[in-house]
Each structure stands twice: as C-alpha cells, then as structure tokens.
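Here the working numbering runs 332 ahead of the position in the sequence shown, where the first position is 1. Note that beta-carbon positions come from the ideal geometry of N, C-alpha and C, so glycine has one too. The model shown is predicted, which means the values in this text are computed figures rather than measured ones. Just below is one structure, and these are the notes that go with it.
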Amino acid sequence: MDCEIIEEEDNRIRILLKDTDHAAVNALRRTMIADTPKMAIHQVRFTQSTEVTDDMIWETIGPIPDEVIAHRLAMTPIPSDTQDFSFEDECINCKDMVESQRGCPMCNIVYTCNVKGTPEGRAVKASDLEVFGDLSLSIPEEFGNITITKLYTGQMISLTAKAKKGYGRDHVKWQPVCGITFEVRQHAVLNDKKAAKSLWGLGLTVTEKDFGKNGRIEDIQMVDKVRADLHHVGPSTDLGRDFGDAITMEDIDGEFILSYETDGSMKARTVFELATASLGERFASLSGDLDIVL
333 MDCEIIEEED
343 NRIRILLKDT
353 DHAAVNALRR
363 TMIADTPKMA
373 IHQVRFTQST
383 EVTDDMIWET
393 IGPIPDEVIA
403 HRLAMTPIPS
413 DTQDFSFEDE
423 CINCKDMVES
433 QRGCPMCNIV
443 YTCNVKGTPE
453 GRAVKASDLE
463 VFGDLSLSIP
473 EEFGNITITK
483 LYTGQMISLT
493 AKAKKGYGRD
503 HVKWQPVCGI
513 TFEVRQHAVL
523 NDKKAAKSLW
533 GLGLTVTEKD
543 FGKNGRIEDI
553 QMVDKVRADL
563 HHVGPSTDLG
573 RDFGDAITME
583 DIDGEFILSY
593 ETDGSMKART
603 VFELATASLG
613 ERFASLSGDL
623 DIVL
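Shown next as structure tokens:
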C-alpha cells in the first residue's frame, strides 16, 4: 500500500491510498477508530461543600447532574502524545496495584476545576480545567470554549478529573477520529461534448477546457468539482434528460481516498502513523503465528 497526502490540516486530512483493496483500507479505518490509543478523562471526583463569603452562601449544587458534567468532560479533547504515557495496567508504578488505586504521572493526567457563579451566569468552559503538572498538557486553546455547565450566584463547582490512556474499542471517548470514510478514486470522463453543453451553459465551476485533449480529468480536487457540478444536471433535474451520460465517473482499480477528522486530541497525521504502525504489527504477528502452525 502506497499513500499520498492530498489535503492536510492539523485536525483534518485526505489521503490517497494506492495498490490496495477495500478490505485493507477498511482494516485501516477500523484500526483508527478502535485500536489507536489516546488520552481521555475517565474519572471525576466532585467535592461537595458549602462556603460562606461576604454573607453569601456558596454550594456545590449546579443546574445539571454530576453524571452529565462527567460525560462532557470525558468527551473533551485531551492532549494525547501517547508515547509519553503508559496504560495503567502496564505502568511500572501501577500495574501491581488494584484498579482503584492506580494512577501516577506516568499513566495519568490530573485536572482541577474550581469556579463560582455570577448573577448573570458564569459559563464553566474547558479552559477552566487546570492541569496539575506539565502546562503543555493544558486543554488546547482552540477547544477552550467548550461549555461544561453554567453557574449562577450561590452555585459553585469543585472537581478533580483524571485522564488515562485507552482504546476506542472500550469506549467512544478514546476514539481519536470522527467522520472517517473512504471511497474509490474516480476520474471524470467526457463522453459527449454536445450533450455536455447543457452543463457548460450553467456557468458553474468546470468547463470543457478542463477535460483537455483526452477528455478526462484525473486531478482529485477537480474531480470533486465535477461531481458537485453534476448534481445540477442529474436525472431528477430539468436538464437531466438531455445531459444523459455526457460526463461519467470512472472507478480506478486499487486506489481509494481516505478522509477523516480528529477530535482535536492529536494531529490527523499522527493518527494515521499510529494506526499504520499498529496494523503492521498485528499483521506481522499473525504472519508469524501462521508460519508456526503451517
């Protein structure tokens, strides 16, 4: 399998995969979803208390249940340079402990949040989570506006949250990707120049010149534009009958386009690198087992 990056942003990517098939690409997709580890908040401890300051009584009573807050915290993107952290059951400091006692700087990230409400309402956001230790593990600024809850006068929240490393197959909060899809790569083919004039007459993105002398468009971005333009002359449109198959899309054997976004916990390229490495190790292990058996 060969790969080529078509488009890339920190949290979004499109990759062209060549010399492969549906099964291999789907295995890679499933590995990204289920077998690529990341950090996520898995335990939240709420402090129940009452404070009196300047004749004002503050209580840890919020407008939504603690369980809902914990769920929102679990889905908040946590910086996930997973190579710096161990799984709790593999951590040299914690693996021999009972599960309830596990957790150290080598396998956990600890966050605290202490906020009081205001008369007009104080939104508690992801940026209010203060990391205990390395500041590089703070919630990324671009996700700081994620709202956790909202507090008014007399209400406050005090909690400690722990994030640990896990797999998406165990819980969706550990899935680093979302909206992951793949499709067969296609070329646009001009079959009937006369019938295609009904499309050119609309003055959309693609023109006859884009098809060149061989009547084909192979560039992936241009093919995307052709596909979008064809919606205006499809079978359900007034122009569909005259247009017919003037332009068709041709599948390219062995080539696929993989597209996905991350939840913000790690870069899109990092997810791909981790997934391919994980899948390669599993295939190598399976191959070794087959050699022994056969």
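For this session: Give me the Cα-Cα distance between K447 and K457, rounded to the nearest whole angstrom.
Result: The question names Lys, but residue 447 in the sequence shown is Val. Those two C-alpha atoms are separated by around 10 Å.
Problem set entry | Status (buried if at least 16 other CB within 10 Å, exposed otherwise) for Q553 | exposed
Exercise. In chain order, what residues of the same chain lie with their CB nearer than 6 Å to the CB of F464, ignoring the 5 residues before and after it?
Worked result: V442
For this session: Have a look at R559, T408, R454, F615 and flag the residue whose alpha-carbon is nearest the alpha-carbon of W506.
Result: T408
Exercise. Alpha carbon to alpha carbon, how far is A607 from D367?
Worked result: 7 Å
For this session: Take R404 and list the residues in its own chain whose beta-carbon comes closer than 6 Å to its own, dropping the five residues that flank it on each side.
Result: I480
Exercise. How should K370 be labelled, buried or exposed, when 16 other C-beta atoms within 10 angstroms of its C-beta is the threshold for buried?
Worked result: buried
Exercise. Is it true that the stretch 508-519 meets the stretch 576-589, where meeting means three or more beta-carbon pairs spaced less than 8 Å apart?
Worked result: yes
Problem set entry | Span of the beta strand (DSSP E), counted from its first residue to its last, around L491 | 488-498
Exercise. Could you check where the beta strand (DSSP E) with Q553 kicks off and where it finishes?
Worked result: Element bounds for Q553: not the beta strand (DSSP E) but the alpha helix (DSSP H), 552-562.
Exercise. If you draw a straight line from the alpha carbon of T363 to that of L611, how long is it in whole angstroms?
Worked result: 7 Å
Exercise. If you count every other CB in all the chains shown that lies within 10 Å of the CB of E420, and 16 or more means buried, which is it?
Worked result: buried
Exercise. Using the rule of at least 16 other Cβ atoms within 10 Å of the residue's Cβ for burial, across every protein chain shown, is N440 buried or exposed?
Worked result: buried
Problem set entry | Exposure label - P567; buried when at least 16 CB within 10 Å | exposed
Exercise. How is H354 classed by DSSP in three states: helix, strand or coil?
Worked result: helix
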